[in-house]
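Enquirer: Sending over a structure as structure tokens; questions will come in a sec.
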Amino acid sequence: MSSKHPIIAVTGSSGAGTTTFRRIFDSIFQREGITAFRIDGNSFRRYDRKRMQHMVALAEERGQCLSHFAPEANFLDRLEGLFREYSRSGTGLCRRYAENEELAELYEVPVGAFTPWMEVPSGTDLLFYDGMHGGCAENSWSNRELSASHNPVIIKRRKKMKERKIRGIDIAQWVDLLIGVVPVVNLEWIQKIHRDTHKKQHSPESITHTIMRRMSDYITYITPQFSLTDINFQRVPLSDTSNPFELREIPTLDESIVVIRFREPKRFHFPALLKQINGSWMSRRNTMVIPGGQLDLAIKIICTPLVHELLERYRSAQRDE
Numbered sequence: 169m170s171s172k173h174p175i176i177a178v179t180g181s182s183g184a185g186t187t188t189f190r191r192i193f194d195s196i197f198q199r200e201g202i203t204a205f206r207i208d209g210n211s212f213r214r215y216d217r218k219r220m221q222h223m224v225a226l227a228e229e230r231g232q233c234l235s236h237f238a239p240e241a242n243f244l245d246r247l248e249g250l251f252r253e254y255s256r257s258g259t260g261l262c263r264r265y266a267e268n269e270e271l272a273e274l275y276e277v278p279v280g281a282f283t284p285w286m287e288v289p290s291g292t293d294l295l296f297y298d299g300m301h302g303g304c305a306e307n308s309w310s311n312r313e314l315s316a317s318h319n320p321v322i323i324k325r326r327k328k329m330k331e332r333k334i335r336g337i338d339i340a341q342w343v344d345l346l347i348g349v350v351p352v353v354n355l356e357w358i359q360k361i362h363r364d365t366h367k368k369q370h371s372p373e374s375i376t377h378t379i380m381r382r383m384s385d386y387i388t389y390i391t392p393q394f395s396l397t398d399i400n401f402q403r404v405p406l407s408d409t410s411n412p413f414e415l416r417e418i419p420t421l422d423e424s425i426v427v428i429r430f431r432e433p434k435r436f437h438f439p440a441l442l443k444q445i446n447g448s449w450m451s452r453r454n455t456m457v458i459p460g461g462q463l464d465l466a467i468k469i470i471c472t473p474l475v476h477e478l479l480e481r482y483r484s485a486q487r488d489e
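When the letters of the sequence shown are read in order and numbered with this note's numbering, they come out as residues 169 to 489.
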């Protein structure tokens, strides 16, 4: 962490809903006059779209698994390097990924390709990241596997990790505010199937295969991050999602509740938050439950003071120089 150049990271799986948080934080930054530099986690993938498809097929031929969740499919060392350098100097190396035709035209690269690496411009107030690895830390997934060392599947994965020499990654240590976006897993799958079917023209069958193929990586590399977050937002549908592979409609926010877990509850005045968010209540001393329709409001009410706190530290550090 750094008082000089703060970093906010929103982390969640593909299809979790981090785009909603990106939109709301953008509105907070605009309203508060904050100059933020936004980083998309897709920009740190190791392979472009065509190359990744080839590498996945090659891995499957060998009876192996390769997914965007795993370290070997990403430049996690470069992502940590950006966070480390930005926290110290307010700059660092990044690039952009053309997820769709609109971004391809904007970045002047083919769809599914990357721009060249470039310097983060100077003069920004903070760095904002949204993606799948904002809270990634090698120790968190290693400890998870050590605690399950009696499981032969886990033992095999530990051996593979050792062979790949995946060591020393700790992206989470550089993040000043780490937020987890964690829908219950059936809802996460429903959202991914719906998004990839409509926006990427993938077949439901291929998406289901992808979900199943990368489940081990999801357990190993994604879920441990949510034990390191400052706040988790977990959306829980109130409609039947028993078979997410058949259900084609995403439950609306009004058909959901959101469970919000605070790692340091003493930092928050919950009576005031409960008054501002209609229908909210405390299920535990560190856990608030809100109606799904209040999510946008809750993010703004909870996170805006935290952004102000980070910027005040940043400005105080500047005055002390």
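We put the CB at the ideal spot given by N, CA and C, even for glycine.
1) Could you check if Ser-410 is buried or exposed, using at least 16 other CB atoms within 10 Å of its CB as the buried criterion?
2) Among the candidates Val-426, Ser-407 and Gln-393, whose CA atom is the shortest distance from the CA of Pro-351?
3) Identify whether Ile-428 lies in helix, strand or coil by the three-state DSSP scheme.
4) Let me check one thing: in DSSP terms, what residues is Phe-296 bridge-paired to?
5) Considering Gly-348, what are the terminal residues of the alpha helix (DSSP H) in which it resides?
6) Is the stretch 457–477 close to the stretch 416–424, with three or more CB pairs under 8 Å?
7) What is the DSSP secondary structure of Thr-397, counted as helix, strand or coil?
8) Hey, could you find the ends of the beta strand (DSSP E) Ile-458 is sitting in?
9) What is the residue span of the beta strand (DSSP E) that Arg-452 lies within?
10) Three or more C-beta pairs closer than 8 Å, one from the stretch 208–215 and one from the stretch 378–394: is that the case here?
11) What is the rounded straight-line gap between the Cα of Arg-481 and the Cα of Thr-292?
12) Just the Cα atoms here: how many angstroms apart are Leu-346 and Gly-280?
13) Give the single residue among Gly-183, Ser-182, Gly-185 and Phe-189 whose Cα lies nearest to the Cα of Ile-470.
14) Any idea what DSSP makes of Leu-406, helix, strand or coil?
15) How big is the Cα-Cα spacing for Asn-446 and Ala-440?
16) DSSP on Val-262, reduced to helix/strand/coil?
17) Can you check whether the CB of Arg-452 is closer than 8 Å to the CB of Thr-397?
18) With DSSP run on the structure shown, which of helix, strand or coil describes Phe-436?
19) Taking DSSP's pairing of strands, which residues face Met-286 in a bridge?
20) So, at 8 Å on beta carbons, what are the nonlocal neighbours of Ser-448 in its own chain, with the 5 sequence-adjacent residues on each side left out?
21) Using only alpha-carbon positions, find the residue among Lys-367, Ser-407 and His-362 that is nearest to Phe-413.
22) Compare the Cα-Cα distances from Arg-219 to each of Ile-358, Ile-176 and Phe-282 and report the closest residue.
23) For the stretch 190–244, list the beta strand (DSSP E) runs that are entirely contained and at least 3 residues long, ordered along the chain.
24) Out of Ala-238, Gln-232 and Leu-261, which one is the CA nearest neighbour of Arg-246?
25) Any idea if Ser-257 is buried or exposed, counting beta-carbon neighbours within 10 angstroms, 16 or more meaning buried?
26) Could you tell me the alpha carbon to alpha carbon distance between Arg-382 and Phe-394, rounded to whole angstroms?
27) Expressed to the nearest angstrom, what Euclidean distance is found between the alpha-carbon atoms of Thr-203 and Gly-231?
28) May I have the straight-line CA-CA distance separating Pro-473 from His-437, to the nearest angstrom?
29) Check Ala-305 in the structure and name its three-state DSSP category.
Expert: On the basis of the coordinates in this document:
1) Counting from one through the sequence shown, the residue named residue 410 turns up at place 242. Exposed: under 16 other Cβ atoms inside 10 Å.
2) On the sequence shown, residue 351 is found 183 positions in, with the first residue counted as 1. Pro-351 has its Cα closest to that of Val-426, out of Val-426, Ser-407 and Gln-393.
3) Taking the sequence shown and counting its residues from 1, the one referred to as residue 428 is at position 260. Reduced to three states, the DSSP call for Ile-428 is strand.
4) By 1-based counting over the sequence shown, the position of residue 296 is 128. Answer is Ile-176 and Arg-206.
5) Translated into the one-based positions of the sequence shown, residue 348 becomes position 180. Careful: Gly-348 lies outside any alpha helix (DSSP H), inside the beta strand (DSSP E) at 345–349.
6) yes
7) Here residue 397 corresponds to residue number 229 of the sequence shown, with the count starting at 1. Thr-397 falls in the coil class under three-state DSSP.
8) Within the sequence shown, residue 458 is the residue found at index 290, counting from 1. Run containing Ile-458: 455–459, per the beta strand (DSSP E) assignment.
9) Start at 1 with the first residue of the sequence shown, and residue 452 comes out as number 284. First-last of the beta strand (DSSP E) with Arg-452: 449–452.
10) The stretch 208–215 vs the stretch 378–394: no contact.
11) Within the sequence shown, numbered from 1, the residue matching residue 481 stands at position 313. Within the sequence shown, numbered from 1, the residue matching residue 292 stands at position 124. The alpha-carbon separation between Arg-481 and Thr-292 amounts to approximately 15 Å.
12) In the sequence shown, counting from the first residue as 1, residue 346 sits at position 178. In the sequence shown, counting from the first residue as 1, residue 280 sits at position 112. So the alpha carbons of these two residues sit roughly 28 Å apart.
13) As a first step, residue 470 must be located in the sequence shown, where it is residue number 302. Selected option, being the one with the closest Cα: Phe-189.
14) Along the sequence shown, one-based indexing puts residue 406 at 238. Three-state DSSP puts Leu-406 in coil, outside helix and strand.
15) On the sequence shown, position 278 is the one that residue 446 refers to. On the sequence shown, position 272 is the one that residue 440 refers to. Rounded to whole angstroms, Asn-446 to Ala-440 spans 11 Å at the Cα level.
16) Locating residue 262 in the sequence shown gives position 94, where the first residue counts as 1. What sits at residue 262 in the sequence shown is Cys, not Val. DSSP, reduced to helix, strand and coil, places Cys-262 within a strand of the structure shown.
17) Against the sequence shown, residue 397 aligns to sequence position 229. Against the sequence shown, residue 452 aligns to sequence position 284. Contact: no.
18) As a working note, residue 436 is residue 268 in the sequence shown. Coil.
19) Counting from 1 along the sequence shown, the entry for residue 286 is found at position 118. Residue pairing by DSSP puts Met-286 in a beta bridge opposite Cys-262.
20) Locating residue 448 in the sequence shown gives position 280, where the first residue counts as 1. Answer for Ser-448: Leu-441, Leu-442, Met-456, Val-457, Ile-458, Pro-459, Gln-462 and Ala-466, listed in chain order.
21) Taking the first residue of the sequence shown as 1, we reach residue 413 at position 245. Here the closest residue by C-alpha is His-362.
22) Here residue 219 refers to the residue found at position 51 of the sequence shown. Of the candidates Ile-358, Ile-176 and Phe-282, the one whose C-alpha sits nearest the C-alpha of Arg-219 is Phe-282.
23) 204–208
24) In the sequence shown, the residue the question calls residue 246 occupies position 78. Checked all of Ala-238, Gln-232 and Leu-261; the closest Cα to Arg-246 is Leu-261.
25) Within the sequence shown, the letter at position 89 stands for residue 257. So Ser-257 counts as exposed.
26) Residue numbering aside, residue 382 sits at position 214 when the sequence shown is read from its first letter. Residue numbering aside, residue 394 sits at position 226 when the sequence shown is read from its first letter. Approximately 18 Å between the Cα atoms of the pair.
27) By 1-based counting over the sequence shown, the position of residue 203 is 35. By 1-based counting over the sequence shown, the position of residue 231 is 63. When rounded, the separation of the alpha-carbon atoms in Thr-203 and Gly-231 is 47 Å.
28) The residue given as residue 473 occupies position 305 in the sequence shown. The residue given as residue 437 occupies position 269 in the sequence shown. The alpha-carbon atoms of Pro-473 and His-437 are separated by roughly 12 Å.
29) Here residue 305 is taken as the residue at index 137 of the sequence shown, counted from 1. DSSP places Ala-305 in strand when its eight states are reduced to three.
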